[in-house]
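Asker: Pasting a structure here, questions to come.
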Amino acid sequence: MILRPPQLCGTEGKYYSEEAEVDLRDPGRDYELYKYTCQELQRLMAEIQDLKSRGGKDVAIEIEERRIQSCVHFMTLKKLNRLAHIRLKKGRDQTHEAKQKVDAYHLQLQNLLYEVMHLQKEITKCLEFKSKHEEIDLVSLEEFYKEAPPDISKAEVTMGDPHQQTLARLDWELEQ
């Protein structure tokens with residue numbers, strides 16, 4: 001497998017960044033490169049062992065060549081390991097950010113649920129409230145409109161509004 005030289009990253013292209021390279025590389029292809037590199041290392045180690053067992057003077061040069069190839073593969077493994085750790089850190093950071101957002105939304109939800117519960121209690125209190133004016137025996141409507149003066153009865157307002165009608169009847173009760 002052929003390795004391409006790293007591309008320069010950054011706004012001005014003056015430096016190399018493995019963090020930026022991680023975004024450009026496919027993890028699946030890196031895994032395939034890892035498997036290939038491991039197989040090559042196994043093959044090279046087996047060849048070195050075979051060459052050492054044969055012995056001889058001209059074997060030393062071949063062993064040195066395979067040792068250099070092995071070093072290149074070890075460098076590839078180290079790079080892949082660094083990239084894997086960078087990916088892992090980015091994944092953890094993204095997970096942490098997402099978790100913080102979820103926690104914030106959950107807190108907002110809890111606050112809203114508490115507010116709804118509080119408002120429901122207040123509504124229940126209001127519905128259960130019994131006003132004293134309900135216990136007062138007021139004059140009948142016919143009698144009220146007959147006997148009450150127009151400035152209290154205000155027929156044009158009170159005929160269409162039960163609340164205003166009750167207030168006017170209470171005013172008339174006070175006048176009597």
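Under UniProt numbering, the first residue of the sequence shown carries the number 1, and numbering increases by one thereafter. The beta carbon of each residue, even a glycine, is placed where N, CA and C say it ideally should be.
#1: Indicate whether Ile123 and Val22 have their beta-carbon atoms separated by less than 7 Å.
#2: Counting only the same chain and skipping the five closest in sequence on each side, list residues whose C-beta sits under 6 Å from that of Asp171.
#3: At which residue ranges does the segment 23-78 contain complete alpha helix (DSSP H) runs of 4 or more residues, listed in the order of the chain?
#4: Of the residues Leu141, Asp50 and Glu156, which one's Cα is nearest the Cα of Thr166?
#5: What is the DSSP secondary structure of Tyr15, counted as helix, strand or coil?
#6: Could you spell out where the alpha helix (DSSP H) holding Gln165 opens and where it closes?
#7: On the premise that Leu83 lies in contact with Glu18, defined as a C-beta separation below 8 Å, what is that separation, rounded to the nearest angstrom?
#8: Rounded to whole angstroms, what is the Cα-Cα separation between Ser70 and Asp26?
#9: Am I right that Ile63 and Lys52 are in contact with their C-beta atoms under 8 Å? What's the rounded C-beta distance?
#10: Going by beta-carbon coordinates alone, are Lys146 and Ala168 separated by less than 7 Å?
#11: Whole angstroms is fine: what's the gap from Ala46's alpha carbon to Lys90's?
#12: Taking C-beta to C-beta, are Ile48 and Arg29 nearer than 7 Å?
Answerer: On the basis of the data shown:
#1: By 1-based counting over the sequence shown, the position of residue 123 is 123. By 1-based counting over the sequence shown, the position of residue 22 is 22. For the 7 Å CB-CB criterion, Ile123 and Val22 do not form a contact.
#2: The residue you call residue 171 lines up with position 171 of the sequence shown. The residues are Ile152.
#3: 27-54
#4: Along the sequence shown, one-based indexing puts residue 166 at 166. When each option's Cα is compared against that of Thr166, the closest is Leu141.
#5: For the purposes of this step, residue 15 is taken as residue 15 along the sequence shown, with counting starting at 1. Residue state, collapsed to three classes: strand.
#6: For the purposes of this step, residue 165 is identified with residue 165 of the sequence shown, where counting begins at 1. Here the alpha helix (DSSP H) through Gln165 covers Pro162 to Glu175.
#7: In the sequence shown, counting from the first residue as 1, residue 18 sits at position 18. In the sequence shown, counting from the first residue as 1, residue 83 sits at position 83. Indeed, because the Cβ distance is near 6 Å, the residues count as touching under 8 Å.
#8: As a first step, residue 70 is located in the sequence shown; it is residue number 70 there, counting from the start. As a first step, residue 26 is located in the sequence shown; it is residue number 26 there, counting from the start. Distance between the alpha carbons of Ser70 and Asp26 is about 24 Å.
#9: Here the question's residue 63 lines up with position 63 in the sequence shown. Here the question's residue 52 lines up with position 52 in the sequence shown. Yes, Ile63 and Lys52 are in contact; Cβ-Cβ is about 7 Å, under 8 Å.
#10: By 1-based counting over the sequence shown, the position of residue 146 is 146. By 1-based counting over the sequence shown, the position of residue 168 is 168. The Cβ-Cβ distance between Lys146 and Ala168 does not fall below 7 Å.
#11: Working through the sequence shown from its first residue, we reach residue 46 at position 46. Working through the sequence shown from its first residue, we reach residue 90 at position 90. Taking the straight line from one Cα to the other gives about 37 Å.
#12: On the sequence shown, residue 48 is found 48 positions in, with the first residue counted as 1. On the sequence shown, residue 29 is found 29 positions in, with the first residue counted as 1. Using a Cβ distance threshold of 7 Å, Ile48 and Arg29 do not count as a contacting pair.
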